[in-house]
Every structure is written in C-alpha cells, then in structure tokens.
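Residue numbers (the working numbering), protein chains in the order written: chain D, 166 to 455; chain W, 166 to 455; chain Z, 166 to 455; chain A, 166 to 455; chain G, 166 to 455. The structure under discussion appears below in the form of structure tokens.
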Amino acid sequence: MTTTSAMHPQVAAAEIPPVPLTVEGYSVLHQMMRFRWTEWRSLPEATRRSIADEAGTALAEMEKNSNGQSALYSLIGHKGDLMLVHFRNSFADLNQAELKLAGLRLSDYFEPTSSYLSIIELGLYDSTIKIYKELADQGIQPHSDQWKAEIECQLARHREAMQPRLFPEIPQTRYLCFYPMNRLRGEDKNWYTLPIDERARQMTEHGLVGRRYAGEVKQIITGSIGFDDWEWGVDLFADDPLVFKKLIYEMRFDQVSAVYALFGQFFVGVRVPAAELIRLLGGELPEQAS
Amino acid sequence: MTTTSAMHPQVAAAEIPPVPLTVEGYSVLHQMMRFRWTEWRSLPEATRRSIADEAGTALAEMEKNSNGQSALYSLIGHKGDLMLVHFRNSFADLNQAELKLAGLRLSDYFEPTSSYLSIIELGLYDSTIKIYKELADQGIQPHSDQWKAEIECQLARHREAMQPRLFPEIPQTRYLCFYPMNRLRGEDKNWYTLPIDERARQMTEHGLVGRRYAGEVKQIITGSIGFDDWEWGVDLFADDPLVFKKLIYEMRFDQVSAVYALFGQFFVGVRVPAAELIRLLGGELPEQAS
Amino acid sequence: MTTTSAMHPQVAAAEIPPVPLTVEGYSVLHQMMRFRWTEWRSLPEATRRSIADEAGTALAEMEKNSNGQSALYSLIGHKGDLMLVHFRNSFADLNQAELKLAGLRLSDYFEPTSSYLSIIELGLYDSTIKIYKELADQGIQPHSDQWKAEIECQLARHREAMQPRLFPEIPQTRYLCFYPMNRLRGEDKNWYTLPIDERARQMTEHGLVGRRYAGEVKQIITGSIGFDDWEWGVDLFADDPLVFKKLIYEMRFDQVSAVYALFGQFFVGVRVPAAELIRLLGGELPEQAS
Amino acid sequence: MTTTSAMHPQVAAAEIPPVPLTVEGYSVLHQMMRFRWTEWRSLPEATRRSIADEAGTALAEMEKNSNGQSALYSLIGHKGDLMLVHFRNSFADLNQAELKLAGLRLSDYFEPTSSYLSIIELGLYDSTIKIYKELADQGIQPHSDQWKAEIECQLARHREAMQPRLFPEIPQTRYLCFYPMNRLRGEDKNWYTLPIDERARQMTEHGLVGRRYAGEVKQIITGSIGFDDWEWGVDLFADDPLVFKKLIYEMRFDQVSAVYALFGQFFVGVRVPAAELIRLLGGELPEQAS
Amino acid sequence: MTTTSAMHPQVAAAEIPPVPLTVEGYSVLHQMMRFRWTEWRSLPEATRRSIADEAGTALAEMEKNSNGQSALYSLIGHKGDLMLVHFRNSFADLNQAELKLAGLRLSDYFEPTSSYLSIIELGLYDSTIKIYKELADQGIQPHSDQWKAEIECQLARHREAMQPRLFPEIPQTRYLCFYPMNRLRGEDKNWYTLPIDERARQMTEHGLVGRRYAGEVKQIITGSIGFDDWEWGVDLFADDPLVFKKLIYEMRFDQVSAVYALFGQFFVGVRVPAAELIRLLGGELPEQAS
C-alpha cells in the first residue's frame, strides 16, 4: 500500500509510532499533611515561636531556590491542613527536600495524608506528527539510530525554546488547585488505541478552551506515568478560585475530557509565603499580597 | 452548510457551546468530625463548661454572621458526631473559619473524618439555550469579545435577580441531608456528550419532581468541579427526614437520575443551635425549637 | 393509544408514575464497634463489674423500650466485636440513643467501625399498580391534589393494616445477618428504567423464594435512600445461620438479584441479652436461651 | 411445551430450579492480625515467656480439638503477622474461640487486620442436575413438600458419604494460601443467569485442572454468601508454595475462571505449630517438621 | 479437522493447553514502611548511632547474601519512607528476613504501609507454543505422564540456561520503580480467552519496546498469582528515573498494555547502601556512588 521511490523509500504509515513526543523539566513533589493543632497549642508560646522560626527560615530558603522553588499552601477541608509543592532538578533532590522537612522540629506536628510525584511535561502532539512524517518521507526507519538521533535533535530544540515553561518559578497566585488524572482505557473507548492524528485533534480542541482562560489561570502539567498512581498531575494557579470550576467545567464538554478523562482527588489551597508561616500557625490566614 | 444572510450572518448550530451557564453565590464548606467523648468526659465539670462556653460563643457569632452563616448538626452514625456547615464570601474566608475552629479548645476533641468544598450554584439550562440562540441569531461568534460581554451582561442580571438564592441564610429546619454526586461519563451513556437541548429537557423533568416537594424540603445545590472529588454537593433541609427518602427515591426514576446520577456518601444530621451546644456536649440532643 | 370516554377521560399510560408506593415504620440504626479488650482487661475486677452493670442496666431498659427496642449482638470477625441495633420512632430518637451510649463509661472501650441508618419500609409494588390504574381509570391526573389525597388515603389504610410489621419487636433469634444493597443502574441493565409492571413481576418472583423460608428466617427490610450509602438495608434473623446462606444463594438466581442486586458488607452476630452483657465482657458467649 | 404421560406428569424444564445443591461441614473463621513487636520486645524476658506459654498452651488445645481444630500461620507481608484458622461446629463456637483468644494476655499484642467467616461447602452440580431430573420425571413439583423431602434425603446421603471432606482436620502442610472470590454478575456476562447445565459443564472442566494437582495441593472450599463480603473462600495447602501459582494460573484459563471469577486479597502463611509459638515470638521461623 | 497418521496420531488443536510455560527463580518480598522521624529524633545521639549501627550491620550482611540479596531504598512521597527488597530461595526465607528485621531495634521506628510477595518469573510464550506443537505432532496427549515429563525436561533446560536471570543480584542503579499489574478480564476484552498464538504475538511486540531501552533500564518481572493481590510485580532499575516514564508511556500504546494492562500503585525509591543507612537516618540522602 506504500509506494517506494528510488530516492526515499517510504516508511509505511502503519509503522509511524503512536507515542507523542514530550519534553520534561523540573521534578515535582506535592506533599499534603495534617497539622496536629492540639499538640501544637499545648506548647509554650516561646517554643512555638522558636519552632516556627526554624521552619520559616528553611522554607524561605526553599522559596528562593534558584534550582527549583518550594511553596506552601493552607489546604481547605479534611484532606490536609498544609500542602508543600517542590520543584527540583531531580528526584533525589525532591527526596532530599522531604528529608530536610522531616528534620525540622515543626514536622513533629505533621501527619502525611497524601503526596504526588511527577515531572513537568510538555506534550508535543502537533510537532510529533510533523516530525514523524518528515522522517518517514526521508525513508528513515522508526527506531533506527538515525531516527533516534534526528528526534533527539528536534527535542533538544524544543527544550531550549520551552526552557521557561519547563523550569518555571511557582506562580504567585492566591489559590492553587491540584488534581491527578488518567486517560480512559475502557473496553470500548480507549484513548491509547486511537490514531495519533485523532488524539492530536482532540488535544488541540482541548487547548483552545484553555487559551480562553489565559489571563485568569496558569496551568502546569506534570507527567507521572511510572512515578505515581495516575498518568498526569495538573496544577492550576489563579487569584479567583471560581475560575477553576469554570475552566474545568467548560473542558469537561471537550471530547477528550468528556469521554477520555478520569479524575482523582482535588486539593485546593491558599498560598502562604514563608514569611507568614508564623501567622498561619497562630491560626490566622495571611491576607493576599497586593 | 450554514447560510449567511446579509443582515445577520448565522452562526452554525454545531458551534453553539455545550456548556450551560451558571451563577454562583456563597462559598460552602462542610466539615464532618468525630468527637472524643472519652477524653471529654474525663475532664472536670468546670473545665468542660469553660471549653463549651468558649466554643458556644464562637459558634453563636458564626450563626449570625451577615457575610455567610455557619450551622452545627449532630450527625447520626459512625461517619462523624458533628457536622459544621459554613457559608462564606470566599474560599479564604472558609479557610479562616476552619482555622478559627482549630483554635478553639473544643477542637482538641475533634477528629476530622470528612469534608466538602463547593460553591452555591444555580444552573441556567433554559436561559442558556435562549441566550445562545439569540446571540447566534445576531451572528455573534461564540467566544468573541462581544459574545462574552453579552453573556456576562445576562449573567449579571440573573445574579441580581437570584441574589436571595445565591446568598441565602442557612434554613432553620430540624434535619439536614448532605451528599455529593456526579453525572455519568460511561462508555455508552455519557451526560457530557448529550446535546444541550436534551440535557435541558431532562433537567426540566427533574425539576418538576423537586417542585412537588416545595413546601416540605429546601434544596441548595453547590458546584464542586475543580474544588472537591465530586461534581456537585446537595443539601436538603427538612423537618421530617422521611421526605429525604421520598424525594430522592422519586427522583431516582427520572431519566437524568436513573441513567446519569452517581452518588457519594450520605450524611444526615440534626440541627443544634449554638445556644444548645453545651447541652449536646452533655449527651442530650436539644428538642426541636417550635 | 388511549381511548377517552365521556365519563372518565383516561390518563395516558405513559403518565403513570414509575415510583412504587411504600409505607414506613421504625427508624433504625445499626452500630458496629470494636471493643478495646486490652484496656478493659487492665481494669480492676470491681471497676469492670461496675462499668458493666451500668451498661447492662441501660441496655436492659432499651431492650424493653415500648417505643422501639434495642438489641446487642456479638459480631464474628474483625469488622467489629459488638453490634447494637436500635428501632426508634424518629431519627432524633436514634441520635439520642447514640448519645446515651456515648455517655456510658463502657463506651470508653468502644471504637466505632461502621453504622447504618435506615427506616423500616414495606414496598407495595402490586398495590401501587392497582391504585395507579384505578386512579387513571377515574381520570384523576397524577400528582394532582385529588390524586395525592387518594393515594395518601390508601397508604394510611396500608399503614394501619401493616402496623405490626412496620413497628415490630426485634426478633429473639440466636443469629442476625445484616447487609446493605443497591439495585443496579448499569449502562445496559438499569433497574430504574424498567417498566413498573416488570419490576413488580420480578419482585413477586423474588418474594416467592423468601416465602419458602418463612418458618426459618425472619426478614426486615429497611429503606436508606437519602439516609445512608446504599439504597436498602436487610436484616435476617434465624436460629441456624446456615439458613442465611441458603436463602441468599437461592435468591441470587432470581432475575432481580442475579441481574440487579449489588451487595455491601455482611455482618453476622450472635444475640447477647442485656442480662448476659457482663458474661460476654468476661470473655464468655452466653448459651442460647431455650 | 411439555408432554404429560398418564403415569408421570412431567415438570416443565423451565421450572427446574437453577440453584445447585450443597452440603456443609465445619464453620470456619480466618483471623489475620499484626503483632506489636515493639511493645512485645519491651517486655522482660520472663514476662514474654509466661505470656507465650499461656498462649501456646491454649493454642495447643485448639490444635487437638476433636470438634474442629485451629491452626496458626506466620503471614508474609504487611497484611498481618499472624493468621489463625479455626474449624468449628457452629458460628457460636467460632465466636467463642475469638473471645478465648481475646482473653489471652498475648492478644494485647494483636491488632486485627482482616478476617473471613465461611462454612465448608461441597457443591453438587452434577448430582443436582441428576436429582432434579429424576424428580421432574416422577412429576414431583419443585418446592413441594415431597420434593423437599426427597432432596433432603439425597443430601443426607451425600453428607454421610462426604463426612471426612466436610469435617476435615486442618492439613499439616508447610504453606497455606487463602483468598476469597466471587462469580461475575456483569451486565453482559453473568454466572447466575447461565443455565445450570452450562454451569455444571464449566465446573467439571474446572475440576479437571484441580485434579492434576491432587498430590501437590489440598483444597478446601468454603461458602460465605450471607456470611462475609465475597461468595466463597478458598484455602490451598501445600509444602511448595510455587504450586499455588501454577494451579491458580492454569485455572485462570478455564472458562469459569477466565470469564466469571473475581478475586479478593491473597494471604500466604507458613504453618507454626503451637509448640513452636515461643520460638516464633522470639523472631525465629520454625523449621519444617519432617 | 485433524488428520491422524498411522505413526503419530495427531492431537486436536483445540486440546493444546492455553497456559504459557514459566520458569521461576528467587522468591521476592517488597516491604514499604514509614519511619517515625519524631520518635527517632527524640532519642539521644548515642542511642541513635547504636541503633543505626545494629541495623546497618544486619542490612550489610543481607546485601551480600549469596543466597539472595536485600536492598534498601529511600521512597519518595507519603506511601512510605523506606522500601526493602528481598530476594531469597524460599518464602520461608523471606518470612525469616521479615522476622529478623522485626527484631532489630530500628524497627521500633517502622510502620508497615504496604508490601508485595512474588517470585521471579520468565514467561516462555514462544517456547511454549513450539513445545506444545512438537508434542502434539508426536501424538502425545496433553497432561499425560509422558507429556508432563517432556515438558519438565524442557523447563529444566530453560532454567539452566536462564539461571543468571532467575537468580540475579539486585541491580546497583540509583533508582527503583516498582508496581504491580494485572491482565484485563473484561466482559468484552479478556486476555485469558485470547488464543495463545495471539497472546504470544502481543507479548513479542511488547518485548520489542522493552529492548529499545536495554542499555538504560533493567527490568525484573515477578509472578504473584496465588501470592498477592495482583498477577505480576514489575521492578525497573535505572540511573535516570525519566526512563521509567518514557518506557512505560511507550509501552502503554502496545496492544497488550493499551487494552489488557491494569496497574496498581507505583513506588519510586532512591538506593541507599547499608553503609549509608546512618547518613540517611541523619536526614541526608547519600550521593550516587560513581
């Protein structure tokens, strides 16, 4: 079914890989924990201050880390009192951040309730199809050394161009919404058996909705296949949390979400700068910085 | 496939957005907790009274809050002993309410078991279709600036007219029933891929059942997409809890419930005014105020 | 498809409501709890006796309550050590029973593991169809005031006639089996979209199996839509627990169970009269009263 | 559709009950528990010995019980450290065994993690069909008194003949594998709506696989419909645990397992005779008795 | 459909068993646990050192065990702080390793959160088909004594040849990813009812993807049917954890994964040599050995 020219023997369409290319940035860890208010309140005022100072100082450093920041949120509801988000250069650095926190005296009052391990990921559906077709046109066999080299070369260019989105600072919005998600692999409806062109089309449609909220919400997608229990983790940052509902509700009618999206737990928190930690531990939610 | 008149170039039906418009009111937090009776009973009588007085005073203030009330319920069964419902102007205010409670001495005897974060929401299916059609008839492109402005103008009018339902007081009934729910996105039956006209028709049919119980039960619907683990939270208020069963059972035969409704946990509680908290903590359920 | 006579304009069959009528009796609460044997055994003998006496006295009163009894069971397996079943006139009375138990010193040794809130319910499938048809034949519009009055009048008659089954004493058998259940709302097989005649037919078939065990097992059905996480709770009382398996296994082949029944957890307990509580707390299961 | 002879009016095939006959033996309880090693190790050596002696003596008696034995296993993995299996003549006797254990000082170091309540059951698919057909040929109406008497008479004969399999000793193998299971009641594939002949055929095929492992593994099937959260519990006893995998993997390709089997948690333990309990509590797994 | 020669009466194709042959190696236990940092930090420095030394020494021995090694990982996230992987010659040896750990003073600071019991397994799909066909061609009846002897003889040869893969050392990479998985037995898509040739074809396709990552990741497959709650456990070892995502994402588009793979929880850890345990317990993740 494929014709072969003398110059460029074509690669059969069926051999075009179904896997979209991705580029990755920071490793990311979300830590959710309860705070033992009863035990905390039973401490003398001076001890509380000293413990909070130690933690505030450590957190302030992490906030300014040039190799990946950390940020603290006050969670709403029983899933946790606090959420820490860490961006780092490696999983080992994330683990070291956990160990550092576990070493703070404040962590005697933490009870871990959940967590999520992932890595900032940009999916390149459109570029993938373009690259695969060019390489096929050039008669380069998928997964051959040349093919891999060409693709790595393209990915390197994307990584370079997308550097600010792969290694971002943590946005300074008042609210954060985090949730993990999967693509459906049902008996009848299965994302992973759709042709790559169809997946790309649906992702483009999906992206159009997101763009309508560009000024109101910042979205960071992280990949977690092989790292945690869902395939992706999504962070939405906004000053008005109503936007989380509007955006996600509107997206739920996209084909890719309506049919193929499965969602885990949702966590919503209010940003607390390290400098305000002591106020939060006194029972007062800091005002929004203006 | 679309015809264009000189005056009003028509917008293709397929481009009419599938998303129903909504207006939102109070932010809402449900907090369910166990009460540590054993530790509580081990306190001296005077200490118990002092702790209960502090909590009763704080709760009485929240009950009368003009910017959104709180209410206390004695839960039936092991899912919790107490449930607090908070209506507030923002998620930050809800978080501050949580922190305030966590600061009460009484909360040393609380163990959070569950919670739910949502926002009072009125869905406008019928108005949505009407507005979308009018804007299409005027040839206004969906998601254009003009389209957005026109819709925002309509929503503002609805918010104004529905102010009392968006920012209500907490009804003073003896019983509350709370549960979260989703609309089904099955492989074959999927609410989110139905045409908006069909969804509107089913919601209207559903509403007719609700209206039959108008005098017996008050219903407050809250939206939680992007906030918590289900799509909506439902609060039913009634003096006779049997009405909860009758209403929900009758609705379960509506197409929208029979086919498309998924339900989470149900919580049923008896209202306890702040002034009666001390009696409840003494093991006595207050009589119904008449 | 319907003919209209001059005298009685007929109501269209499609307008016959799909909801079966029910009558309700006692409110019911099941409480499952672990018993802290280690802490209990560490108490001095006299303290244990005093605590057990207080609890035994309270429970003995509840057993004889003329407004709804309570009964105690020793549960088998790790789901709990004890189960209390309360029949009462209202949910508030159930909540008050919980509070009373929580006030006993013995409850310092209780850890709640589960519970179930429901109300004794008799479903009237056959009468429903008969009543609906009669009212339709009389041309009375469903949900009109007259229709509601006629139905309420019929229900009142059923409540009167079924009084002993709606407000029963707790059967004095050696064993109790409790489990909650739902009717399936699958994408293809959906109980709630079946015609009411078909549901009535299947329920009748189901009832025939139950009748074969009439002398060996007593069944109490409670409705829990709007109250707890399943739609119904079932209590089976028998002196030989093997009958639980025989009855439920035989029923599982009925169409209504094979296709439409979903089951929750099963709890099996041995009845312990209040007078024998102290013996149970000494580690000895009372003999069956003869 | 059925012909009626003068002598034996035939019973319609459609009326042949779908329920396979079963005979039952010992009541069975599996108890899984964690052992509090930290607290245990903190005891003085003499106290440990005294506590272990008390428990060892009680367990040794249970091992030799002529009315149903008990056996102890050291579980592998976090689901528990110990598993006790009790065979008894009644559920009340099982509950008494639980209470007896709860009364041992050693049980201060137990934390129940799981359990399973069931009864040894032999399914008689082939005999059932034979009996049903004979009774139908004799024109005896299903569920008539005569029908019930004839069946009870047949079952009594089976109980007599199968006595050793219904009331067995606990096999003395090194390893035990326990798991609960269900038969699928899916929307499309439903075990309980298959004709009894087809179910019998699949069970026979299934049994052939089991017979290939006759010398290597001993299997005890227990029924738990109406008793616990799954329909059956399976115990496999072997000296080489690899046989568990081989047997279950081979069976998984049988139609009855491939299509209709659902599995719960698997528990694997190493047998520890009562006489070796003290060694186990010292951290040493006893050698296999030869 | 089969012809029978005088010499070799052929075995019917339908009788060729559907079960792929496997060979097994080390028994494997994964243990995940939380570490009680608060209690640990409250110990005097000298006590911590002494406890850590005892544990480090025991672990160092296990690392060098010639009958199956153990390895320690620092887990990322709330699923646990530490993971121990044990390779041993038998399940009893695994249980003894658990008991040995439980006897260390350090284990006073462990809380088990999860575990997994399995056995190293090499599936022989291609060889299976070849062997089954040869035996069928020779007219040897499946499951006859001769058939079993011939197969055992073939398996012995495979075990011999694959000895290093069945009894490997634990790879010395920086990162480990562990997850359990099942093959789908859906109502429509069912791995276990596919013909063995089709399963073999899909497994071969699946293997091709794995081979592309040969230099970057080492994979050990363990079988757990009959041992734990999933059918297989997968360990991936790599120095760059991004490879876990790339490999598993690419595989997810294979038919055997896209349609038939179900995944459990994912655990990702950083290798910590026994000699570095004391450093880890001081809150510092050891550098990667070079």
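Backbone N, C-alpha and C fix where the C-beta goes; we use that ideal spot for every residue, glycine too.
### Own chain partners of residue 173(W) with C-beta closer than 8 Å, once the 5 adjacent residues on each side are dropped
Its pLDDT being 48, under 50, residue 173(W) is placed unreliably in this model, and the coordinates cannot settle the point.
#### Entry: Same chain, Cβ closer than 8 Å to residue 488(D), five either side skipped, listed in chain order
Residue numbering for chain D in the displayed model covers 166 to 455; residue 488(D) lies beyond these limits and cannot be assessed.
### Task
Output yes if chain D places a C-beta closer than 7 Å to the C-beta of residue 409(G); else output no.
Closer than 7 Å: yes.
### Query
Helix, strand or coil: how does DSSP classify residue 327(W) here?
For residue 327(W), the three-state secondary structure derived from DSSP is coil.
#### Entry: Distance between residue 321(Z) and residue 276(D) (C-alpha atoms, nearest Å)
Near 55 Å, if we compare the C-alpha coordinates of residue 321(Z) and residue 276(D).
#### Entry: Same chain only: Cβ atoms within 6 Å of residue 282(G), ignoring 5 sequence neighbours per side
Same-chain partners within the cutoff: 194, 392 and 393.
### Query
If you measure beta-carbon to beta-carbon, which residues of the region 295-312 of chain D are closer than 8 Å to chain G?
Residues passing the 8 Å Cβ filter: 308.
### Task
Sort out for me which residues DSSP pairs residue 346(W) with in a bridge.
The beta-bridge partner set that DSSP reports for residue 346(W) consists of 397(W) and 428(W).
### Task
Check whether the Cβ of residue 415(W) lies closer than 7 Å to any Cβ atom in chain Z.
Residue 415(W) counts as touching chain Z.
### Task
Tell whether a beta-carbon distance below 7 Å holds between residue 366(A) and residue 357(A).
No, they are not a contact pair.
#### Entry: residue 293(A): contacting residues in chain G (beta-carbon distance under 7 Å)
From the beta-carbon of residue 293(A), no residue of chain G is found nearer than 7 Å; the closest lies around 27 Å away.
### Query
For residue 340(A), does the three-state DSSP call read helix, strand or coil?
Strand at residue 340(A).
### Message
Could you tell me which whole beta strand (DSSP E) segments of length 3 or greater appear in the region 294-326 of chain A?
### Response
Secondary structure in the region 294-326 of chain A: no beta strand (DSSP E) run of 3 residues or longer lies completely within the stretch.
### Query
Do residue 237(Z) and the ligand ADP come close, with the Cβ less than 6 Å from some heavy atom?
Judged by which ligands are present, the structure shown has none, so any question about the ligand ADP falls away.
### Task
Return the chain-ordered list of same chain residues with a C-beta closer than 6 Å to the C-beta of residue 199(Z), the five sequence neighbours on each side being excluded.
Excluding sequence neighbours, residue 199(Z) sits near 245, 246, 276 and 278.
### Message
I'd like the ranges of any beta strand (DSSP E) spanning at least 3 consecutive residues and lying wholly in the region 172-227 of chain W.
### Response
With a minimum length of 3 residues, the continuous beta strand (DSSP E) runs that stay inside the region 172-227 of chain W are 187-200.
### Message
Let me make sure I understand the geometry here. Which of 267(G), 235(G), 239(G) and 260(G) has the alpha-carbon closest to that of residue 252(G)?
### Response
Taking the Cα of residue 252(G) as reference, the smallest distance to any Cα among 267(G), 235(G), 239(G) and 260(G) is reached at 235(G).
### Message
Assuming contact is defined by CB atoms lying nearer than 7 Å, are residue 437(A) and residue 215(A) in contact in what I supplied?
### Response
Result no, Cβ atoms of residue 437(A) and residue 215(A) do not sit closer than 7 Å.
### Query
Exposed or buried, residue 311(Z), counting other C-beta atoms within 10 Å across all chains shown (16 or more means buried)?
Exposed: under 16 other Cβ atoms inside 10 Å.
### Task
Mind checking the region 435-453 of chain D against chain W and listing, in chain order, the residues whose C-beta falls within less than 8 Å of any C-beta there?
Residues 435, 445, 448, 449, 450 and 453.
### Query
Do the region 399-418 of chain D and the region 380-388 of chain D meet, that is, are 3 or more Cβ pairs less than 8 Å apart?
The answer is yes - the region 380-388 of chain D touches the region 399-418 of chain D, with three or more Cβ pairs under 8 Å.
### DSSP three-state assignment for residue 167(Z), whether helix, strand or coil
Annotation note: pLDDT 39 at residue 167(Z) (below 50); position unreliable, coordinate value reported separately. Looking at residue 167(Z) - three-state DSSP - the assignment turns out to be coil, as it is neither helix nor strand.
### Query
Mind checking if residue 180(A) is an interface residue toward chain Z, Cβ cutoff 7 Å exclusive?
By this cut-off, residue 180(A) is not an interface position.
### Query
Taking only beta-carbon atoms, is residue 388(D) less than 7 Å away from chain G?
So, interface residue.
### Message
Suppose the cutoff is 6 Å on Cβ atoms and the five residues either side in sequence are ignored; what does the same chain contact list for residue 205(W) look like?
### Response
Answer for residue 205(W): 274, listed in chain order.
### Task
For residue 398(D), decide whether its Cβ has a neighbour in chain G, counting only Cβ atoms nearer than 7 Å.
Residue 398(D) does not count as touching chain G.
### Query
With residue 241(Z) and residue 260(A) assumed to form a contact (beta carbons below 8 Å), what rounded beta-carbon distance in angstroms separates them?
Taking a contact as a CB-CB distance under 8 Å, the pair residue 241(Z) and residue 260(A) counts as one, their CB atoms being some 5 Å apart.
### Identified DSSP bridge partners for residue 333(A)
Its beta-bridge partners do not exist; DSSP assigns none.
### Query
Among the residues of its own chain, which have a CB less than 7 Å from the CB of residue 453(W), if the five just before and after it don't count?
339.
### Length-filtered (4 minimum) alpha helix (DSSP H) runs lying within the region 401-426 of chain G
Taking only runs of at least 4 residues, the alpha helix (DSSP H) segments lying wholly in the region 401-426 of chain G are 407-416 and 420-423.
### Task
Using a cut-off of 8 Å between C-beta atoms, extract the partners of residue 351(G) located in chain D.
Ordered by position in chain D, the residues that pass the 8 Å Cβ test against residue 351(G) are 352.
### Query
If residue 427(A) and residue 346(A) are in contact, beta carbons under 8 Å, what's the gap, nearest whole angstrom?
Contact flag correct, Cβ pair sits at about 6 Å.
### Query
Which residues of chain Z have a Cβ atom closer than 7 Å to the Cβ of residue 203(W), listed in chain order?
273, listed in chain order.
### Query
Going along the chain, which residues of its own chain have a beta-carbon closer than 6 Å to the beta-carbon of residue 166(A), five neighbours each way excluded?
Since pLDDT at residue 166(A) reaches only 35, below the 50 mark, its modelled position is unreliable, and no value is offered.
### Query
Can at least three beta-carbon pairs, one atom from the region 183-193 of chain A and one from the region 284-293 of chain A, be found at a separation below 8 Å?
With a cut-off of 8 Å, the region 284-293 of chain A and the region 183-193 of chain A count as touching, because enough Cβ pairs lie within range.
### Message
What does the alpha-carbon distance come out to for the pair residue 297(A) and residue 363(A)?
### Response
Linking residue 297(A) to residue 363(A) through their CA atoms gives a straight-line distance of about 15 Å.
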